[in-house]
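Remarks on the structure that follows.
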Amino acid sequence: MSRILVVDDDPISRQILRAMLEKEGHVVSEAEDGVKALNNYDKGSVDLVITDIFMPEKEGVQTVRELIKENPDVKIIAVSGGSSSANYDSLDWIKMFGVKYTFTKPFNSKAIISAIDDLLSE
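FYI, UniProt numbering numbers position 35 of the sequence shown as 35, with every residue one higher than the one before it.
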């Protein structure tokens with residue numbers, strides 16, 4: 001059982017991820033933007049962060065950078081809605097900060113579970 005923080009401004013996306021992750025036995029906490037995520041993040045109580053890229057208050061790239069600065073070993077998966085090339089570029093670009101897995105919404109639940117399992121086994 002791992003503790004996962006889901007960061008997304010879309011409540012439906014958070015609900016979908018929560019249901020999927022809890023079904024796999026994970027404990028899930030939520031934040032609707034990067035500011036709340038950083039305020040709620042405690043490196044001793046979160047094993048993995050799943051964050052959206054485009055959010056109000058503090059977007060995902062900045063959130064990822066600050067999380068990694070606070071804890072270089074943090075495990076992060078980035079997700080982004082839509083299928084425009086801007087979303088793909090952002091997902092590719094965020095990998096430069098050490099994010100190993102990125103997914104576009106809607107994502108394949110088996111693929112994201114596999115990515116989570118891989119990151120948590122490192």
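Glycine included, every Cβ here is placed at the ideal spot set by N, Cα and C.
Open item on the list: Short of 7 Å in beta carbon distance, which residues of its chain neighbour D9, apart from the five on each side in sequence? Order them along the chain.
Closed with: Residue numbering aside, residue 9 sits at position 9 when the sequence shown is read from its first letter. These residues qualify, in order along the chain: E32, D33, D52, M55 and P56.
- [ ] Report the rounded CA-to-CA distance for V79 versus L67, giving the unit in angstroms.
- [x] Start at 1 with the first residue of the sequence shown, and residue 79 comes out as number 79. Start at 1 with the first residue of the sequence shown, and residue 67 comes out as number 67. Their Cα atoms are separated by approximately 16 Å.
Task: Cβ pair S45, R3 closer than 8 Å - done: Locating residue 45 in the sequence shown gives position 45, counting from the first residue. Locating residue 3 in the sequence shown gives position 3, counting from the first residue. Against a cut-off of 8 Å, the Cβ pair of R3 and S45 comes out as a contact.
Task: Extent of the continuous beta strand (DSSP E) to which D52 belongs - done: By 1-based counting over the sequence shown, the position of residue 52 is 52. Residues L48 to D52.
Task: Distance, F97 Cα to K110 Cα - done: What you label residue 110 is simply residue 110 of the sequence shown in a count that begins at 1. What you label residue 97 is simply residue 97 of the sequence shown in a count that begins at 1. Taking the straight line from one Cα to the other gives about 25 Å.
Task: S84 (DSSP reduced to helix, strand or coil) - done: Start at 1 with the first residue of the sequence shown, and residue 84 comes out as number 84. With a pLDDT of only 46 at S84, under the threshold of 50, the placement of this residue in the model should not be trusted; the figure read from the coordinates follows. Three-state DSSP puts S84 in coil, outside helix and strand.
Task: One or two residues paired with V7 in a DSSP bridge - done: Locating residue 7 in the sequence shown gives position 7, counting from the first residue. Looking at the DSSP assignment, V7 forms a beta bridge with A31 and T51.
- [ ] Verify whether the separation of the beta carbon atoms of V49 and I76 is less than 8 Å.
- [x] Here residue 49 refers to the residue found at position 49 when the sequence shown is read from its first residue. Here residue 76 refers to the residue found at position 76 when the sequence shown is read from its first residue. It is a contact, given that the beta carbons lie within the stated cut-off.
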